[in-house]
Amino acid sequence: MKGKSTSICLLLVLAIFFTACGKKGAEKNSDPVSDSSNPVRNSELDAGFPRSIQTIDGEIIVPNKPKRIVSQTLTTDEILLDICPMDRLVGIHTVSLDPAFSNVLDKAEPYRDRAVNGTEAVISLEPDIVFIASFSRAEMVAQLEAGCDAPIVRFSDFDSLDDIRKNIRMTGYLIGEETAAEEMVVELNRRIEAAKSRPRDATPPRVVSFGPAAYTAGDGTLFDDILETVGAINLSAKNGVEQFGQIGIEQVAFWDPDWVVCGSDPGAEEATKRWFFEHPVLQKTRAAKAGNLVLVSNRLYTAASQHTASLVELLAETFYSNGI
Amino acid sequence: MVKDKIIDTSTQTKRNRRFVGILFIGFVLVLFIAGVGICFGGPAIPIGSVMRVFLSHAIPGLTFDLSDIREVDQAIVWLIRVPRVLLAGLVGAMLAVAGVQMQGLFRNPLAAPGLVGTSQGASLGGVLAFATGAGLVNIFAVPMFSIVGAFVALFVIYMLAHREGSTSVGMLLLAGVALNFLLSACVSLVISWSWKDYEAAVEIVAWLLGGFDDASWTYAGIAFAGFLPAFLLSTWYARDLDIMLEGEESARSLGVGTERVTWWILLSTALLTGVAVSVSGVISFVGLMIPHLLRLLIGPSHRTLNIASAITGAWFLIAADILSRSLIRPEVIPVGIITSLIGAPFFLFLLVRERKELEIL
Numbered sequence: 175m176k177g178k179s180t181s182i183c184l185l186l187v188l189a190i191f192f193t194a195c196g197k198k199g200a201e202k203n204s205d206p207v208s209d210s211s212n213p214v215r216n217s218e219l220d221a222g223f224p225r226s227i228q229t230i231d232g233e234i235i236v237p238n239k240p241k242r243i244v245s246q247t248l249t250t251d252e253i254l255l256d257i258c259p260m261d262r263l264v265g266i267h268t269v270s271l272d273p274a275f276s277n278v279l280d281k282a283e284p285y286r287d288r289a290v291n292g293t294e295a296v297i298s299l300e301p302d303i304v305f306i307a308s309f310s311r312a313e314m315v316a317q318l319e320a321g322c323d324a325p326i327v328r329f330s331d332f333d334s335l336d337d338i339r340k341n342i343r344m345t346g347y348l349i350g351e352e353t354a355a356e357e358m359v360v361e362l363n364r365r366i367e368a369a370k371s372r373p374r375d376a377t378p379p380r381v382v383s384f385g386p387a388a389y390t391a392g393d394g395t396l397f398d399d400i401l402e403t404v405g406a407i408n409l410s411a412k413n414g415v416e417q418f419g420q421i422g423i424e425q426v427a428f429w430d431p432d433w434v435v436c437g438s439d440p441g442a443e444e445a446t447k448r449w450f451f452e453h454p455v456l457q458k459t460r461a462a463k464a465g466n467l468v469l470v471s472n473r474l475y476t477a478a479s480q481h482t483a484s485l486v487e488l489l490a491e492t493f494y495s496n497g498i
Numbered sequence: 135m136v137k138d139k140i141i142d143t144s145t146q147t148k149r150n151r152r153f154v155g156i157l158f159i160g161f162v163l164v165l166f167i168a169g170v171g172i173c174f175g176g177p178a179i180p181i182g183s184v185m186r187v188f189l190s191h192a193i194p195g196l197t198f199d200l201s202d203i204r205e206v207d208q209a210i211v212w213l214i215r216v217p218r219v220l221l222a223g224l225v226g227a228m229l230a231v232a233g234v235q236m237q238g239l240f241r242n243p244l245a246a247p248g249l250v251g252t253s254q255g256a257s258l259g260g261v262l263a264f265a266t267g268a269g270l271v272n273i274f275a276v277p278m279f280s281i282v283g284a285f286v287a288l289f290v291i292y293m294l295a296h297r298e299g300s301t302s303v304g305m306l307l308l309a310g311v312a313l314n315f316l317l318s319a320c321v322s323l324v325i326s327w328s329w330k331d332y333e334a335a336v337e338i339v340a341w342l343l344g345g346f347d348d349a350s351w352t353y354a355g356i357a358f359a360g361f362l363p364a365f366l367l368s369t370w371y372a373r374d375l376d377i378m379l380e381g382e383e384s385a386r387s388l389g390v391g392t393e394r395v396t397w398w399i400l401l402s403t404a405l406l407t408g409v410a411v412s413v414s415g416v417i418s419f420v421g422l423m424i425p426h427l428l429r430l431l432i433g434p435s436h437r438t439l440n441i442a443s444a445i446t447g448a449w450f451l452i453a454a455d456i457l458s459r460s461l462i463r464p465e466v467i468p469v470g471i472i473t474s475l476i477g478a479p480f481f482l483f484l485l486v487r488e489r490k491e492l493e494i495l
């Protein structure tokens, strides 16, 4: 009797288990994005996996080729929208649809219904890999780890063009699209080399990044690396500003730069120009006298992806438009 | 009784001596620190060049050969450093005098100028000027929005506290606390909306931290225009405020029009804080710390307190501004952070020192 009851219980447990599995499988199969029923396709997908990388959070292991990728940073959105097949990218960040920040508005548009923001929304997508921002709080990471049982990838270095190359390669590697990622890096390098090879003036331009909010990019920033790449001198870095710092108008005037590069929001360009050229002290600088204010859209100014190449090209073209 | 009078007279004499000492030292410090600020307060321009530029502009008829000094350096000295030092001095004086008014009106040595919401009102006005883009287009936009914000806050608070011909100081205090929370929430709301315009949001945050990076002769003029009438007003009513320290009933029995005095004191405080915030952002603790410290030294007379606080506030804030530009050169630390770093420990010191009184409460 006892053995019979045990057998019935065991059968019940097994039945519930298989029902649950079947239901979950059915739910996933209803999504054409993640058709896991094709064994040939599965073996193709999982070739070369598991894969692992080291991040600031330790070793991240991706057991299988990800089929439900969720990105929660603009940088990884911009990379993934170019290298990842649409059916595998199940979630992007809402910021990718914001014209003030995004360089991929057109590419993100078809993903509008998959644009999410926040832990709960990410978990509901049942991701098998999640890319999050370097500044995401520990609670968010813990919640994601508990809620979605997927590797949580956090890139923390965005301070140089090499960091961008590394992040693109790493993203491609983790999602099994290393060939596409490498092609992206090659294209990025080609554009940077083309910008570098522009004829230059004998004297390198002395440049400072500065705007009405009085912040500047100093040593150890992507902007500094870009200026070095195009052969310009970053006065903030040269004078000891580390990373991003607040400096006064007095300091900028004292350095008397040849060029001032300023981030600008859409629609604020004219006001920013007036602020610079009509300021009683800034208007006495070489940059103002020569009309050398470079207004860069903030979406380009803050980009840390393959789109940074556009900023490199823009600055090289602007600084050396009359070059020898 | 006679002994008490002798003690009172001796205490008063001591306080008078201290007042004269503070006045004298204050004047010397203002001149000395202002000189340091103009000569060394920023990038290293040779002191001889600074002096020549300063004197040739400041003293009519006196001319120096400035041809060896870069045009941009001349502009730095005369168009940034001198107005910056003036502005810092005026804002320091305004905040300190506003603090005297509030501590007197509320009969509370821990009252600060922002207690009735005028400071937050001015902040909200300034933040709206940035968020709407007006702050980038017109140099007067931020000051105007801020001053209007301070007066709207004052109007609201006065309407709330004024009933049947009299204004309850207790109601002013409570309504001020509530209004401060409300205005603070509005400031946060505007900031959260402003993130769509990244630059505007960064500007708002930088402005709220307080500082004199936008100093100009125009701003120094606005500050002076706000300071002078408010200071005269507060000094005019200083004696009435002294009497009101004994309680409103006693003051009324001695013929003081407490309602009128309360209104003018609130008005002068709104003008002082509104103008101060409009030209420098939010700078904390000056209005709390300076009057409190001086009251311990020279007693509660508002006339002497006003003058001493104005001078002490002036040199204190000029010094704080020099620190803000010098500590991590070439970067700057917002002055509001410097004053809070000094002021918050001082406030804690006051709390510990007056713990016994607080325990009784």
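If you read the sequences in order, they're chains A and B. By our numbering, the letter at position 236 of the first sequence is numbered 410, and the numbering carries on one by one without gaps. By our numbering, the letter at position 264 of the second sequence is numbered 398, and the numbering carries on one by one without gaps. Here a beta-carbon is modelled for each residue, glycine too, at the ideal position from N, C-alpha and C.
Taking B/Q208 as the centre and dropping the five residues before and after it, the same chain places the C-beta of V187, L200 closer than 7 Å to its C-beta, in chain order. Within chain A, no C-beta atom comes less than 9 Å from the C-beta of B/E383; the nearest is roughly 52 Å away. In the three-state scheme derived from DSSP, where H, G and I count as helix and E and B as strand, A/Q420 is classed as strand. Burial of A/E252 is indicated by the presence of at least 16 other C-beta atoms within 10 angstroms of its C-beta.
Here B/M228 really is in contact with B/L406; their C-beta atoms are around 4 Å apart, less than 8 Å. Between the stretch 281-290 of chain A and the stretch 219-233 of chain A, the count of Cβ pairs shorter than 8 Å is below three; the stretches do not touch.
Close to B/G355, with beta-carbon spacing below 7 Å, lies no residue of chain A; the smallest spacing is near 14 Å.
For A/F493, the uninterrupted alpha helix (DSSP H) segment begins and ends at 482-493.
Beta-carbon to beta-carbon, B/V321 and B/Q237 are separated by about 25 Å, too far to satisfy the 8 Å threshold. Taking a Cβ-Cβ cut-off of 7 Å, B/D455 has no neighbours in chain A, whose nearest Cβ is about 11 Å from it. As DSSP reads the structure, A/F305 sits in a beta bridge with A/S245, A/V327. In the structure shown, A/N413 falls within a coil segment according to DSSP collapsed to helix, strand and coil.
Looking at the DSSP output, A/L469 sits in a beta bridge with A/C436. With a cutoff of 8 Å on beta-carbon distance, B/S280 and B/G345 are scored as not near each other. Residue environment: A/P440 is assigned as exposed (fewer than 16 neighbouring CB atoms within 10 Å of its CB, all protein chains considered). Distance from the CA atom of A/V455 to the CA atom of A/G437, rounded to whole angstroms, is 20 Å.
The three-state secondary structure of B/V416, taken from DSSP, is coil.
In this structure, DSSP gives B/H436 a helical state, which the three-state scheme calls helix. A straight-line Cα-Cα distance of about 29 Å links B/G269 and B/A168. A/D393 is outside the set of residues whose beta carbon lies under 8 Å from a beta carbon in chain B. By the Cβ neighbour-count rule, A/A320 is exposed, with fewer than 16 other Cβ atoms within 10 Å of its own. Bridge partners of A/G265 according to DSSP: A/V244.
In the three-state scheme derived from DSSP, where H, G and I count as helix and E and B as strand, B/S300 is classed as strand. B/G421 is positioned such that its CB atom lies closer than 8 Å to that of B/A230.
Annotation: A/T446 to A/P386 spans about 8 Å, alpha carbon to alpha carbon. Its Cα nearest to that of B/P425, the residue B/A245 stands out among B/L375, B/G299, B/V154, B/A245.
Contact annotation: A/A406 and A/P373 have beta-carbon atoms that are not nearer than 8 Å. In the three-state reduction of the DSSP assignment, B/S201 falls in the coil class, being assigned neither a helical nor a strand state. When the five nearest sequence neighbours on each side are left out, the beta carbons in the same chain lying within less than 7 Å of the beta carbon of B/S183 are those of I203, D207, in order along the chain.
Counting along the chain, A/I235 sits inside the beta strand (DSSP E) bounded by residues 232-236. If only complete runs of 3 or more residues are kept, the stretch 362-394 of chain A shows the beta strand (DSSP E) at 380-383, 389-391, in order along the chain.
In terms of Cβ geometry, B/E380 and B/T392 do not form a close pair [threshold 8 Å]. In this structure the stretch 272-290 of chain B does not lie against the stretch 423-441 of chain B, because fewer than three pairs of beta carbons, one per stretch, are closer than 8 Å. Assigned with DSSP and collapsed to three states, A/N408 falls in strand.
Using a Cβ-Cβ cut-off of 7 Å, A/Q425 is close to G176, P177, P464 of chain B, given in chain order. Between B/L288 and B/T252, the beta carbon gap of about 5 Å places them in contact (Cβ cut-off 8 Å).
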